[in-house]
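J.: Protein chains in written order, with the numbering used here: chain A, 1 to 556; chain B, 1 to 556. No residue lacks a Cβ here, since even glycine has one placed at the ideal position from N, Cα and C.
1) State yes or no: is the C-beta of residue 394 of chain B within less than 8 Å of the C-beta of residue 388 of chain B?
2) For residue 281 of chain A, count the other beta carbons within 10 Å of its own beta carbon; 16 or more makes it buried, fewer makes it exposed. Which is it?
3) What I want to know is whether the C-beta of residue 432 of chain A ends up closer than 7 Å to one or more non-hydrogen atoms of the ligand ATP.
4) For residue 504 of chain A and residue 466 of chain A, what's the separation of their Cα atoms in angstroms?
5) Going by DSSP in three states, residue 407 of chain A sits in which element: helix, strand or coil?
6) May I ask you to report which of helix, strand or coil DSSP gives residue 578 of chain A?
7) Does the beta carbon of residue 368 of chain A come closer than 8 Å to any beta carbon on chain B?
8) Buried or exposed for residue 185 of chain B, going by 16 or more other Cβ atoms inside 10 Å?
9) Could you spell out the range, first to last residue, of the beta strand (DSSP E) harbouring residue 358 of chain A?
10) How many whole angstroms separate the CB atoms of residue 97 of chain B and residue 161 of chain B, which I take to be in contact at a CB cut-off of 8 Å?
11) For my contact list, residue 239 of chain A and residue 434 of chain B are in at a C-beta cut-off of 8 Å; report their separation, rounded to the angstrom.
12) Based on Cα-Cα distance, which residue from B/39, B/91, B/402, B/59 lies nearest to residue 68 of chain B?
13) Could you give the distance in angstroms between the alpha-carbon of residue 55 of chain A and the alpha-carbon of residue 450 of chain A?
14) Below 8 Å between beta carbons: does that hold for residue 333 of chain B and residue 365 of chain B?
15) How far does the beta strand (DSSP E) with residue 382 of chain B in it reach, from first residue to last?
16) Put residue 151 of chain B into one of helix, strand or coil per three-state DSSP.
17) Mind the definition here: the stretch 60 to 74 of chain A touches the stretch 26 to 33 of chain A only if three or more C-beta pairs lie below 8 Å; say whether that holds.
18) Which residues share a DSSP beta bridge with residue 391 of chain B?
19) For residue 138 of chain B, which residues of its own chain have a beta-carbon under 7 Å away from its beta-carbon, when the five flanking residues on both sides are left out?
20) For residue 421 of chain A, which beta-bridge partners are listed by DSSP?
21) Alpha carbons only, please: which of A/287, A/123, A/279 is nearest the one belonging to residue 27 of chain A?
22) Could you tell me if residue 495 of chain B is buried or exposed, where buried requires 16 or more neighbouring beta carbons within 10 angstroms of its beta carbon?
23) Rounded to the nearest angstrom, how far is the Cβ of residue 385 of chain A from that of residue 456 of chain A, given a contact under 8 Å?
24) Can you list, in chain order, the residues of its chain whose CB lies under 8 Å from that of residue 244 of chain B, leaving out five sequence neighbours each side?
25) Does chain E have any CB closer than 8 Å to the CB of residue 427 of chain B?
26) Would you decide whether residue 179 of chain B is buried or exposed? Buried here means 16 or more other CB atoms lie within 10 Å of its CB.
27) Using a beta-carbon distance below 8 Å, is residue 106 of chain A in contact with chain B?
28) Does any residue of chain B bring its CB to less than 8 Å from the CB of residue 529 of chain A?
29) For residue 499 of chain A, which residues does DSSP report across the bridge?
30) Can you tell me whether residue 407 of chain B is buried or exposed? The criterion is at least 16 other CB atoms within 10 Å of its CB, across all chains shown.
31) What would DSSP say about residue 134 of chain A, mapped onto helix, strand or coil?
32) Quick check on residue 214 of chain A: buried or exposed, where buried means 16 or more other Cβ atoms within 10 Å of its Cβ?
33) With DSSP collapsed to three states, give me the class of residue 343 of chain B.
34) Does the beta-carbon of residue 311 of chain A have 16 or more other beta-carbons within 10 angstroms, so that it is buried, or is it exposed?
35) Take residue 202 of chain B and list the residues in its own chain whose beta-carbon comes closer than 6 Å to its own, dropping the five residues that flank it on each side.
36) With 16 other CB atoms within 10 Å as the buried threshold, where does residue 512 of chain A fall?
Written as structure tokens, this is what we have:
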């Protein structure tokens, strides 16, 4: 053991690193991998921040994205919105400090939720071009311009060239230069990203100026703000023991555990607190919440699970809307068949509410044309934000491929002109990675997405079997008709009757018989449909049991 | 615009968060999603830290992992190694501070590279059971025990109950309790993880005690330490402008740019510095490296790319080894056919060296048995660590499915008893997520993995076509023989000769003919093989051009 290196020697290499340093080294985790993807990531971060800001301020969003080529692999992006702007004194915290922001700690549905995206862009600009980003911001009362970059070692902002400008400037404009990127018209490019964003955000007006100076206007199709999702309190069924302890130890106003519970959680009435007090008699409900211990919290959470609660508040969720999903699908795909379902909100991990919308399109421009014909396509959104990358590891993709498509008349999903659109909305979307391009494999989410897609697919089955019957019938008819001519010639020779007359009679006979055949088949189909309808009713009842708003439901 | 909310109101919600808070909320990003996966993640973090520590200290690893069920969904994990231990004064930094460690900033191939895994376990224990982890550590000079947890808000360690123990205790033992986990014998469970770890680390002795008390011993099969990968300096072709600036601004010893370059990069001889000085005449090589500007660094990096360099140092890479991969495959799969290839090191992103090993197994226990027969399987390793999750988004999986398997006699990879094993070793593995379960889609890596698999598959083609020929020949022979009996009866009737004699003669005739047929086909095959060999030679030459160690190569 002479060559053994001792611990002291090994650990003299010990260092701590800032979160910025970590993401500088692992920028692919933020979505900066591949030139096309990297540019889309920048536009994604800026435009979804703009949409969030406008929504929060109650302003109908108008966003302009300008992309210019500076030199090979180097592009500028200018993102201008009509939002509320960012106050001068905190611009550095908001756009040049990783893990700083307004969204991370709040219980409200927003596109951003991490406090990483915007600062990530500032860092990506710095590490690929060495340049700061340029900000112009006006809040109505005042306006300014400045340069902004990030000190990576300390994860602190560096603001320079700050000047006040005419306060007529309203909104936020960010100009940045980025290297190692590429503008491309593809399924993963900026154009496609903004087009899909427009489709899921019909209240937004989005304008893209591409590197060739070509303008694309995605015009606002709804001039009303969508219902603003309300900030909500966590539901008792959605908290872990650790969550409860965190809330208790950080509570500000409550002097007693009982009032802390009532103040902190939704659906926690005084009656419910009293009920819990009865259930967990060895926990002192008058104690200071800051003194709550793990064992006590664990007992409370167990009692939460054994109590009947009103389902989570649905006002916290904002979906695209059934009509809008329909318009969206028609708009992009103009399919032969289409069906859209908006499900009732559900919960995952015990009590975090989410809602799924799904649409299926068949024929028209649905699916994707490939060399051998068609391939099925999954169009994914989370909180109305298009997800263009990492599809293979996403819960939405898993759910769609978990559907037994044969039952719905689709022999192979991979070989049909079919598109499935899914949007998942939640106060907390459990992304699988920091780059937020795929939803983690939460079993309850996968199940619910699958149910939504199956709901949609029921109509598809009827459409496909109609199509198939039509085809089968047509082929039977054609087969018989093919022999009519030959048969009439033979019969004419035998009987001496005119061939032409025989052929006409035969055809009439076949047409009559075929009509009867058709009627019989249609009858058979409609009884199948009734059976379908019954099935559906049963599933709907199940829905009601577990997801009805306002009804009491058990946690276990 | 009466309802417009102003920026000051919106941004009073601004907060900064610690990296621990971020991962507490998004623990799925660390691999804590799903009960089985979460337990495997804990064992993965502890055992790979043990292997790294032993390797660094030059000790043949002996690792014991004990998993016990405490109550439903709650398990304890004890991980004991014979490594160098961790000094008392820094135990908190090492195992209870996210983004702190010895690995992140060093240019050396190790299993861990982020300074997140171990502290992540401490946090996961805290948030699922409220408990600290318990440490026993001995460095040879002294030994101690303590409890350790993490203050999530501040990302700081909390050490309690520290006591000195008998200094005979050597190595590190971590005991932790974890909730929301499950022990399961499956492809994604602890047993499978450790079995694969043993297979890729033949110098390690690994012992698992499962929750039923059953012991599994993965015995050491090589009693020599693998060549320790050397810490290396970055290669000039692997740095970006931003990297160069970071190095320059943080350089300690160098007073001049010229000496900084020579001191910092590998393959940077005095001659090379002189050559660069000639190429970039408007950059002052005598200037203080701390004063280096972006534009200057950009010019230098451009010059790096236009210079011929000796390829990156290969001592920085430690692969499993061809013989060991063969033994591994034989050990797990005992296939009918097997081929293994260890490629030469390559670079990605301009200059980060990596090396790919690949193995293909067909028949035996290769592939996976499914209801309809078989399915192909990809067995992934990065730096000898098994990757059990997120396969669909991994560069290895992409590369394998990018292979045109038909060319190699495999009609559908998804339906054959075939396993493909790939290990990627590098100083920096570009993982797609913080949980390190998939390699990002780096085009150069995908290409190289694909080449490695194709190299392997060449042998497979020959095997499969041999198998197929044998089958075709056998079926021809059987078809003919089936008629011999009937034919001999007919001929006997016509000629009056004995049926038995005729049958014997006919069979002899066919056997003679068939033998000729066989020889002819074998000849045809062997000329195919020659052609194959030629193809292979051409590709090998290409290899030599671009990857030969010691030869000069151009960066562009």
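T.: By the coordinates alone:
1) No, the Cβ-Cβ distance between residue 394 of chain B and residue 388 of chain B is not below 8 Å.
2) Its Cβ having fewer than 16 others within 10 Å, residue 281 of chain A is exposed.
3) Among the components of this structure there are no ligands whatsoever, and the ligand ATP is therefore not found.
4) Rounded to whole angstroms, residue 504 of chain A to residue 466 of chain A spans 30 Å at the Cα level.
5) Of the three classes helix, strand and coil, the one that applies to residue 407 of chain A here is helix, per DSSP.
6) Chain A is shown only over 1 to 556; residue 578 of chain A falls outside these bounds and no answer can be derived.
7) Residue 368 of chain A has a beta carbon lying at 8 Å or more from every beta carbon in chain B.
8) Around the beta carbon of residue 185 of chain B, fewer than 16 other beta carbons lie within 10 angstroms, which makes this residue exposed.
9) Here the beta strand (DSSP E) through residue 358 of chain A covers 352 to 362.
10) Contact between residue 97 of chain B and residue 161 of chain B does not hold, since the beta-carbon distance rounds to 19 Å and is not under 8 Å.
11) So it is not a contact: roughly 24 Å between Cβ atoms.
12) Answer by Cα proximity: B/39.
13) Distance between residue 55 of chain A and residue 450 of chain A, taken at the CA atoms: about 30 Å.
14) Judged by beta-carbon spacing, residue 365 of chain B lies within the 8 Å limit of residue 333 of chain B, meaning their Cβ atoms are closer than that value.
15) Looking at the DSSP string, the run of the beta strand (DSSP E) that includes residue 382 of chain B is 377 to 382.
16) DSSP places residue 151 of chain B in strand when its eight states are reduced to three.
17) Fewer than three Cβ pairs drawn from the stretch 60 to 74 of chain A and the stretch 26 to 33 of chain A lie within less than 8 Å of each other, which leaves the two stretches out of contact.
18) Beta-bridge pairing links residue 391 of chain B to no other residue.
19) Taken in chain order, the residues that qualify are 85, 167, 169, 170, 171.
20) Paired residues: A/359, A/379.
21) Considering only alpha carbons, the answer is A/123.
22) With fewer than 16 other beta carbons inside 10 angstroms of its own, residue 495 of chain B counts as exposed.
23) Wrong, their Cβ atoms sit about 21 Å apart, outside the cutoff.
24) Only 292, 297, 300, 301 meet the Cβ criterion.
25) The chain labelled as chain E is not found among the protein chains of the depicted structure, namely A and B.
26) Its Cβ being crowded by 16 or more others within 10 Å, residue 179 of chain B is buried.
27) Yes, contact with chain B.
28) Residue placement at residue 529 of chain A cannot be trusted, given a pLDDT of 48 that sits under 50; the coordinates are not used to answer.
29) Residue 499 of chain A is bridged by DSSP to nothing; it lacks a bridge partner.
30) Result: exposed.
31) It is a strand residue.
32) Flag for residue 214 of chain A reads exposed.
33) Residue 343 of chain B falls in the coil class under three-state DSSP.
34) Buried, since its Cβ has 16 or more Cβ neighbours within 10 Å.
35) Within the same chain, residue 202 of chain B has close Cβ partners 221, 222, 324.
36) Residue 512 of chain A should be labelled exposed.
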